[in-house]
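In this note's numbering, the protein residues as written are 6 to 63.
Written out as structure tokens, the structure reads:
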């Protein structure tokens with residue numbers, strides 16, 4: 006595979022595109038996580054628990 010010489014401007018443009026893509030993905034991920042937290046049923050199931058306790062009081 007041959008390497009292309011794209012120059013400094015081309016490299017900076019590529020880095021800029023990668024950073025923009027990462028920022029957009031971060032915003033979309035944060036929005037998805039926030040939506041899931043608000044819309045999903047995250048309440049815990051409640052059950053009554055009774056445990057016998059033996060006290061060793063002399």
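Note that CB positions come from ideal geometry on N, CA and C, so glycine has one too.
Alpha carbon to alpha carbon, what distance is there between residue j and residue i?
i, j, result
"residue 50", "residue 40", "21 Å"
"residue 16", "residue 42", "39 Å"
"residue 13", "residue 46", "50 Å"
"residue 56", "residue 48", "24 Å"
What three-state label does DSSP hand residue i in the structure shown?
i, result
"residue 39", "helix"
"residue 30", "helix"
"residue 22", "helix"
"residue 51", "coil"
"residue 13", "helix"
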